[in-house]
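*Asks:* Handing you this structure, nothing more for now.
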Amino acid sequence: MLQPRDGYRTLSGRRAVVVGAGPGGLAVALMLARDGVQVTVIEKEECVGGRTRTVTAPGGYRFDIGPTFFLYPRILADIFESCGERLEDHLTLERLDPQYHLVFEGGGEIRATPDVARLEAEIARIAPDDAKNVRRFLDDNRHKLAAFIPVLQQACDSIRSFVSPAMLAALPLLRPHATVDRDLKRYFKDPRVRLAFSFQTKYLGMSPFRCPSLFTILSFLEYEHGVYHPVGGCGAVSEAMAGLARRLGVEIKLGTSVDRVLFEGKRAVGVEAGGERIAADAVVINGDFAKVVPALVPEARRPRWRDAKVEKARLSCSTYMLYLGLEGRMPESLGHHTILLSEDYARNIREVSDGVLPMQPSIYVQHAGYTDGGMAPPGHTSLYVLVPVPNLRAGIDWASVGPSYRALVLKRLEKLGLTDIESRIRYERVVDPTQWRDDFAVHEGATFNLSHDLGQMLYFRPHNRFGPGLYLVGGGTHPGSGLPVIYEGARITARLMAEDLALQPVRARERPLATAPSLGEAS
1 MLQPRDGYRT LSGRRAVVVG AGPGGLAVAL MLARDGVQVT VIEKEECVGG
51 RTRTVTAPGG YRFDIGPTFF LYPRILADIF ESCGERLEDH LTLERLDPQY
101 HLVFEGGGEI RATPDVARLE AEIARIAPDD AKNVRRFLDD NRHKLAAFIP
151 VLQQACDSIR SFVSPAMLAA LPLLRPHATV DRDLKRYFKD PRVRLAFSFQ
201 TKYLGMSPFR CPSLFTILSF LEYEHGVYHP VGGCGAVSEA MAGLARRLGV
251 EIKLGTSVDR VLFEGKRAVG VEAGGERIAA DAVVINGDFA KVVPALVPEA
301 RRPRWRDAKV EKARLSCSTY MLYLGLEGRM PESLGHHTIL LSEDYARNIR
351 EVSDGVLPMQ PSIYVQHAGY TDGGMAPPGH TSLYVLVPVP NLRAGIDWAS
401 VGPSYRALVL KRLEKLGLTD IESRIRYERV VDPTQWRDDF AVHEGATFNL
451 SHDLGQMLYF RPHNRFGPGL YLVGGGTHPG SGLPVIYEGA RITARLMAED
501 LALQPVRARE RPLATAPSLG EAS
């Protein structure tokens, strides 16, 4: 086992404040503390993790609030390793096989597996010709990801980033003017098979019919590097990070709201929180960009993102959530992750994108107890149900439509064999877009932050170095949403801060996504 560095690291004399204890904020705090910075993390909630947390409800039911699975743990493992620790000594990750069960309402199903031969057999049951192209798709996306990783790892805070050697090398493979669905047509004719390799754009809150073709790498990542369940829920990842941060001397102040960022001239010099002024050489904001940054940073200090631009920014969709504690167990047919894909998926996605509440929605269900018995009391089940819906710009009156939409969602679950849910509910929490806005500080309830279209990616996304002494991290910041991408963004932010604060950083061996081993393969 690697020896922890906190016993002999050298303090730099620098101080930093991190606003928000989400995954990005915790990752930056770890790397700054590793490099000798005195770090204070300020979190308004009474626990760490932001939306990447696991809660225990009355009756002993446990639920992930937001993310329900973990992709590509190698980046976080590298961060832990740079701090002298092994991620697997702090966290147990179970690789899932099948990764998820896709049920097509129009007929057919695929139990997605990282075993390529079995995956080909699954696809051959509904589209024999398409099964022949699975390996070609995986090979091509392996090259695409390898080409794009250097772009993902650069700061992209200058327009010159578009002519960087990394970008010029990647462009021939990225096909920037094609969509994910259009790109997949080069491999798969059956629309159901294309859905199996494109529904992952929903992780970004986007439609595969509009999302840039770059993001075919999302499904490739799942098959190449695995889909994991953190034992105890995704909150266990946040708790592991916070535990190591405290060992490295990070102060985490919970239940404290930051009122504003303090400036001297153009430079951020600290924050005001809970009536206290906390001085710092650098401030990092980790929160929903469009909600938190305008609230904390005066408009004059964000010339590229004034209020009018934030209001016009293109946003992701939202989600309608049911967290259900049920008496009894689920049928054996319901695996860990199950996705019901609407019969007219194109219309379903178009409705969500255009602000229309779908009446035949697609539904994602997590039954974590399939893998992790600690997520519910014996003889009971914790069920997480997610439905993509429009964000609040659609003007939907959720107070009025909420009860009928709940009934519709429960009725849709019958298509997955869950025919007796209502009578077995012993705990229930509903989160609609208004709760995402009011309870979780998500701008317009857009659960996946700013949209990832070409006009809001790379240089056009909020920069990690946001101004003198002020930095950003999180899904609304470059490089974007999703836990592995947020951790990569945290590495960019920490690297920029190390340069600006003249630190002597301890560097992890930052292995490219496309060539690094999975956690299960790492020694």
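Numbering (the numbering used here), first residue to last: 1 to 523.
No residue lacks a Cβ here, since even glycine has one placed at the ideal position from N, Cα and C.
#1: Report the residue from Val163, Glu499 and Tyr459 whose alpha carbon sits nearest the alpha carbon of Gly540.
#2: Helix, strand or coil for Tyr345 per DSSP?
#3: Taking 7 Å as the cut-off, decide whether the C-beta atoms of Gln366 and Thr68 are in contact.
#4: Using a 10 Å radius around the Cβ and a threshold of 16 neighbouring Cβ atoms, would you call Thr447 buried or exposed?
#5: Give me whichever residues DSSP pairs with Pro230 in a beta bridge.
#6: Does the ligand FMN have a heavy atom nearer than 6 Å to the CB of Arg14?
#7: With respect to the alpha helix (DSSP H) encompassing Leu174, which residues constitute its N-terminal and C-terminal limits?
#8: Residues in the same chain with beta-carbon distance under 8 Å from Leu195, minus the five sequence neighbours each way, listed in chain order, please.
#9: Can you check which of these residues, Arg14, Met206, Ile349 and Glu264, is closest to Arg537 by C-alpha distance?
#10: Measuring straight from C-alpha to C-alpha, what distance separates Gly205 and Ala407?
#11: Locate the beta strand (DSSP E) running through Asp64, then write down its first and last residues.
#12: Relative to the alpha-carbon of Phe80, which residue among Thr477, Ala245 and Phe70 has its alpha-carbon at the smallest distance?
#13: Does the count of Cβ pairs from the region 217-234 and the region 76-95 closer than 8 Å reach three?
#14: Determine the contact status of Tyr100 and His337, defining contact as a CB-CB distance below 7 Å.
#15: Where does Gly325 sit, in a helix, a strand or coil, going by DSSP?
#16: Pull the bridge partners of Lys253 from the DSSP assignment, please.
#17: Measure the alpha-carbon distance for Arg465 versus Thr381 and round it to whole angstroms.
#18: In this structure, what does DSSP give as the bridge partners for Phe70?
#19: Would you grab the beta carbon distance between Trp305 and Pro462 for me? Rounded to a whole angstrom, and I think it's under 8 Å.
#20: Could you give the uninterrupted runs of the alpha helix (DSSP H) lying entirely in the region 453-512, keeping only those of 4 residues or more?
#21: Enumerate in chain order the residues of its own chain whose CB-to-CB distance from Leu416 is below 7 Å, with the five nearest sequence positions on each side excluded.
#22: Exposed or buried, what is Ile110 when buried is set at 16 or more other beta-carbons lying within 10 Å of its beta-carbon?
#23: List the whole-angstrom C-beta distance separating Arg393 from Gly355, where the pair is believed to meet the contact cut-off of C-beta under 8 Å.
#24: What's the C-alpha gap between Ala29 and Cys156?
*Replies:* Here's the rundown:
#1: Outside the displayed range of the chain (1 to 523) lies residue 540, so it cannot be described from this structure.
#2: helix
#3: yes
#4: buried
#5: Leu93
#6: Absence of the ligand FMN from the depicted structure is noted, as is the absence of any ligand whatsoever, leaving it without description.
#7: That run of the alpha helix (DSSP H) goes Pro165 to Leu174.
#8: Leu102, Phe104, Pro208, Leu341 and Tyr345
#9: Any property of residue 537 remains undetermined from this structure, which presents the chain solely from 1 to 523.
#10: Their Cα atoms are separated by approximately 24 Å.
#11: Its beta strand (DSSP E) spans residues Tyr61 to Asp64.
#12: Ala245
#13: yes
#14: yes
#15: strand
#16: Secondary-structure assignment with DSSP links Lys253 through a beta bridge to Ile42.
#17: Straight-line Cα distance between these residues: approximately 44 Å.
#18: Tyr228.
#19: With 8 Å as the limit, Trp305 and Pro462 qualify as a contact, their Cβ atoms being about 6 Å apart.
#20: Every unbroken stretch of the alpha helix (DSSP H) spanning 4 or more residues and falling wholly within the region 453-512 is given here in chain order: 483-500.
#21: Cβ within range, chain order: Val103, Leu334, Thr338, Leu340 and Val365.
#22: Ile110 should be labelled buried.
#23: Yes, they are in contact, since the Cβ atoms of Arg393 and Gly355 sit about 7 Å apart, within 8 Å.
#24: 22 Å
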